[in-house]
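Participant: When we follow UniProt numbering, the leftmost residue of the sequence shown carries the number 1, and every step to the right adds one. Built from N, CA and C at the ideal position, the CB exists for glycine as well. Predicted model, so just to flag it, every value in this text is computed and none were measured. Just dropping this structure here.
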Amino acid sequence: MKQPSQLEFGSIIGERYRIVRTLGSGGMSRVFMAEDLKLPGKQWAVKESVAGPQVMKLVRTEAEMLISLSHPRLPRIVDFFEHPPSGAVYLVMDYIEGITLEAYMKGYQGYIPQEQIVPFALQLLDVLDYLHTRQPPVIYRDLKPTNIMLTPEMEFILIDFGIARSYKAELDQDTVKLGTVGFAAPEQYGAGQTDARSDLYSLGALLLYLCTGGKYSEWTAGVEGYIRGELPRHLIPVIRKLLRQHPEERFQSAGEVIGELRRSADFQPAQQGISVNDASMDYAGTRVVAVLGVSAGSGATHTAIAVSHYLARRSRSVALVELHSTAKAFARLQEVVEGTSVGQSSSSRRFEVDGVHYWRQTSRADVISLLGGSYRFIVLDLGSGQDNERLEEFLRADYPLVVGSGAEWRVQDIAGLARSLQRHPQHKWNYCLPLATSEAARRLRKELDHDKVFALPFHSDPFEPDDEMDQVLDELFRGVIPDTRRRRFVFLKRRR
Numbered sequence: 001m002k003q004p005s006q007l008e009f010g011s012i013i014g015e016r017y018r019i020v021r022t023l024g025s026g027g028m029s030r031v032f033m034a035e036d037l038k039l040p041g042k043q044w045a046v047k048e049s050v051a052g053p054q055v056m057k058l059v060r061t062e063a064e065m066l067i068s069l070s071h072p073r074l075p076r077i078v079d080f081f082e083h084p085p086s087g088a089v090y091l092v093m094d095y096i097e098g099i100t101l102e103a104y105m106k107g108y109q110g111y112i113p114q115e116q117i118v119p120f121a122l123q124l125l126d127v128l129d130y131l132h133t134r135q136p137p138v139i140y141r142d143l144k145p146t147n148i149m150l151t152p153e154m155e156f157i158l159i160d161f162g163i164a165r166s167y168k169a170e171l172d173q174d175t176v177k178l179g180t181v182g183f184a185a186p187e188q189y190g191a192g193q194t195d196a197r198s199d200l201y202s203l204g205a206l207l208l209y210l211c212t213g214g215k216y217s218e219w220t221a222g223v224e225g226y227i228r229g230e231l232p233r234h235l236i237p238v239i240r241k242l243l244r245q246h247p248e249e250r251f252q253s254a255g256e257v258i259g260e261l262r263r264s265a266d267f268q269p270a271q272q273g274i275s276v277n278d279a280s281m282d283y284a285g286t287r288v289v290a291v292l293g294v295s296a297g298s299g300a301t302h303t304a305i306a307v308s309h310y311l312a313r314r315s316r317s318v319a320l321v322e323l324h325s326t327a328k329a330f331a332r333l334q335e336v337v338e339g340t341s342v343g344q345s346s347s348s349r350r351f352e353v354d355g356v357h358y359w360r361q362t363s364r365a366d367v368i369s370l371l372g373g374s375y376r377f378i379v380l381d382l383g384s385g386q387d388n389e390r391l392e393e394f395l396r397a398d399y400p401l402v403v404g405s406g407a408e409w410r411v412q413d414i415a416g417l418a419r420s421l422q423r424h425p426q427h428k429w430n431y432c433l434p435l436a437t438s439e440a441a442r443r444l445r446k447e448l449d450h451d452k453v454f455a456l457p458f459h460s461d462p463f464e465p466d467d468e469m470d471q472v473l474d475e476l477f478r479g480v481i482p483d484t485r486r487r488r489f490v491f492l493k494r495r496r
């Protein structure tokens, strides 16, 4: 605050509040801790603003707004008065014990536990939904780490409403352009009037800030490499949509984002006899299917291709990713599709077959980038390797598929894999046994005490639909994919 403060240690204002210490200062105000002389032991935060008439108007507006609000993640205003001789205005509000999110990030090396990020997002969305559904809607306009207090109970509280405003439908753009660079939506720089979607952009910037350890709040080139690997995968497409440049391309309300996060976090493939509701079928984000072979030659790539084209025929917008840099299968397929000689595949790592986008020899950073796109499904061909990167992707997938032999003398390979990873939750896993009999699948279900074991029939061309294979995949993905049909790609014919 450029103007000198009228307060110092021991000052008494309003004949009731004694100043104890300074809590912080900003461009238009200072905040002090004060003790209540009428309620011994009670502490309050006192916000002092000293400036010209325009700032006084903003403070009065903030006071009137906050007095009308009641939400557990907002401070209560308990007193408001002016001091005309000095030109100062004072807001007395709840003192929030804790530290700002910015201070927490600096003190903990930019680390928020991954299991807390979605709950934090839901906390902020809860208060934003409350504000945005007021009449008229209240737009916060300055969601950033310094305006969020983190309490000892690890809960978020918004603490500064200095530039919030009520939405006025008749305006084309804001009269005053305010916000913090890196967290403010593009329309806050003169591109239009701010509304609820502007706060949602700032929420996306804040989530990206948390997911990159405080390094990024805008989606720029290379940001994928800084996103923490252990984070919930479904957060990435949500963040990308929140950060769209144009408001109409973002989520349109806080309630919509809440529904998306809850649906993503709770979603499981349909259980036998249970159908998934329409909300799950209309999911706007990206689902990941990870196909891991128990051993070389188990059929992981063949199964991944068959699954991808099945999904493309049913739901469109599918990417098939070869997530190992030394694999050769996709390179050979690209040569067939593009009609080039052996060893002369295109420099582009992406090619298309019947609506499925193939990505050969892909890195984890590429996968993160794809998650922010428009794909409904991404299928990861992990091969038979179990290095840390591929295993991590398998464990985090929405549909982890283990491909192994159903032969009686090989069933222990699958059981051994399950035992080696028993410290990880396996309820989402699906076991696929190419060329196995129903009896082999039954035995493995009993061996693993797991009901999601599928015998895959003989399927010579994975690009073509096959009635028996489709029946099995219908069961695997039952209830989450609308049934539409797509054109065919006949591999053998295109080779000639």
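1) What are the boundary residues of the beta strand (DSSP E) that LEU380 is part of?
2) Please classify MET281 as buried or exposed, where buried requires at least 16 other C-beta atoms within 10 Å of its C-beta.
3) Quick one: Cα of ILE236 to Cα of THR362, how far?
4) Quick one: is the Cβ of ARG240 within less than 6 Å of any heavy atom of the ligand PLP?
5) Spell out the partners DSSP gives TYR90 in its beta bridges.
6) Whose C-beta lies closer than 6 Å to the C-beta of LEU128 among residues of the same chain, with five residues either side of it excluded?
7) Starting from GLU35, follow the beta strand (DSSP E) in both directions and report where the run begins and ends.
8) Are the stretch 150 to 161 and the stretch 225 to 232 touching by the rule of at least three beta carbon pairs closer than 8 Å?
9) Do the CB positions of GLY204 and LEU242 come within less than 7 Å of each other?
10) Taking the alpha-carbon positions, what's the SER460 to SER315 distance?
11) Would you call the stretch 94 to 108 and the stretch 141 to 156 touching, i.e. three or more CB-CB distances under 8 Å?
12) Could you check if GLY179 is buried or exposed, using at least 16 other CB atoms within 10 Å of its CB as the buried criterion?
13) Figure out for me which residue from MET33, ILE112, PRO113, ARG134 has the closest Cα to the Cα of HIS66.
14) Among TYR216, ALA365, HIS246, PRO136, which residue has its Cα nearest to the Cα of ALA185?
15) At which residues does the beta strand (DSSP E) containing ILE157 begin and terminate?
16) Taking contact to mean at least 3 C-beta pairs separated by less than 8 Å, is the stretch 435 to 449 in contact with the stretch 462 to 471?
17) Take SER384 as the anchor and find which of LEU37, LEU417, GLU352 has the nearest alpha-carbon.
18) Among the residues of its own chain, which have a CB less than 8 Å from the CB of ARG21, if the five just before and after it don't count?
19) Going along the chain, which residues of its own chain have a beta-carbon closer than 7 Å to the beta-carbon of LEU124, five neighbours each way excluded?
20) Can you tell me whether DSSP reads HIS309 as helix, strand or coil?
21) Give the range of the beta strand (DSSP E) segment to which residue 501 is assigned.
22) To the nearest whole angstrom, what separates the beta carbons of VAL291 and LEU401, a pair I think is in contact under 8 Å?
23) CB-CB under 6 Å to VAL399, same chain, minus the five flanking residues each way: which ones, in chain order?
24) Decide if ASN388 is buried, meaning its Cβ has at least 16 other Cβ atoms within 10 Å, or exposed.
25) Would the beta-carbon of ASN430 fall within 7 Å of that of LEU380?
Facilitator: In brief:
1) As a working note, residue 380 is residue 380 in the sequence shown. For LEU380, the enclosing beta strand (DSSP E) stretches over residues 377 to 381.
2) Here residue 281 refers to the residue found at position 281 when the sequence shown is read from its first residue. Reliability fails at MET281, whose pLDDT of 34 lies under 50, so the model's placement of it is uncertain and the value that follows must be treated cautiously. With fewer than 16 Cβ atoms within 10 Å of its Cβ, MET281 is classed as exposed.
3) The count along the sequence shown starts at 1 and reaches residue 236 at position 236. The count along the sequence shown starts at 1 and reaches residue 362 at position 362. Those two C-alpha atoms are separated by around 18 Å.
4) Among the ligands in the structure shown, none appear at all, so the ligand PLP cannot be discussed.
5) For the purposes of this step, residue 90 is taken as residue 90 along the sequence shown, with counting starting at 1. Beta-bridge pairing links TYR90 to GLU48, PHE81.
6) Locating residue 128 in the sequence shown gives position 128, counting from the first residue. These residues qualify, in order along the chain: ASP199, ALA254.
7) In the sequence shown, the residue the question calls residue 35 occupies position 35. DSSP places GLU35 in the uninterrupted beta strand (DSSP E) bounded by 30 to 36.
8) Contact between the stretch 150 to 161 and the stretch 225 to 232 is absent, because fewer than three Cβ pairs lie under 8 Å.
9) As a working note, residue 204 is residue 204 in the sequence shown. As a working note, residue 242 is residue 242 in the sequence shown. Judged by beta-carbon spacing, LEU242 lies within the 7 Å limit of GLY204, meaning their Cβ atoms are closer than that value.
10) Reading the sequence shown from its first residue, position 460 is the one you call residue 460. Reading the sequence shown from its first residue, position 315 is the one you call residue 315. If you draw a straight line from the Cα of SER460 to the Cα of SER315, it comes to about 23 Å.
11) Cβ pair count under 8 Å is three or more, so yes.
12) In the sequence shown, residue 179 corresponds to position 179, counting from 1. Only weak support exists for where GLY179 lies, its pLDDT of 44 falling under 50; the value from the coordinates is given anyway. So GLY179 ends up on the buried side.
13) In the sequence shown, counting from the first residue as 1, residue 66 sits at position 66. Note that residue 66 corresponds to Leu in the displayed sequence, not to His. Measuring from the Cα of LEU66, the nearest candidate turns out to be ARG134.
14) Walking along the sequence shown from the start, residue 185 turns up at place 185. Considering only alpha carbons, the answer is HIS246.
15) For the purposes of this step, residue 157 is taken as residue 157 along the sequence shown, with counting starting at 1. The continuous beta strand (DSSP E) containing ILE157 extends over residues 156 to 158.
16) Three or more Cβ pairs closer than 8 Å define a contact, and the stretch 435 to 449 falls short of that threshold against the stretch 462 to 471.
17) Indexing the sequence shown from 1 puts residue 384 at position 384. Nearest C-alpha to SER384: LEU417.
18) In the sequence shown, counting from the first residue as 1, residue 21 sits at position 21. Correct list, in chain order: PHE9, PHE32, MET33.
19) Translated into positions along the sequence shown, residue 124 becomes position 124. Cβ within range, chain order: PHE156, LEU203.
20) One-based indexing of the sequence shown puts residue 309 at position 309. Under the three-state reduction of DSSP, HIS309 is assigned to helix.
21) Since the first and last residues shown for the chain are 1 and 496, residue 501 lies out of range.
22) What you label residue 291 is simply residue 291 of the sequence shown in a count that begins at 1. What you label residue 401 is simply residue 401 of the sequence shown in a count that begins at 1. Going by Cβ atoms, the distance from VAL291 to LEU401 rounds to 5 Å, so yes, they are a contact pair.
23) For the purposes of this step, residue 399 is taken as residue 399 along the sequence shown, with counting starting at 1. Going by the sequence as given, residue 399 is Tyr instead of Val. For TYR399, the CB contacts under 6 Å within the same chain, skipping 5 residues up- and downstream, are VAL289 in chain order.
24) Looking up residue 388 in the sequence shown gives position 388. Flag for ASN388 reads exposed.
25) Numbered from 1 along the sequence shown, position 430 holds the residue referred to as residue 430. Numbered from 1 along the sequence shown, position 380 holds the residue referred to as residue 380. Not a contact, by the Cβ cut-off of 7 Å.
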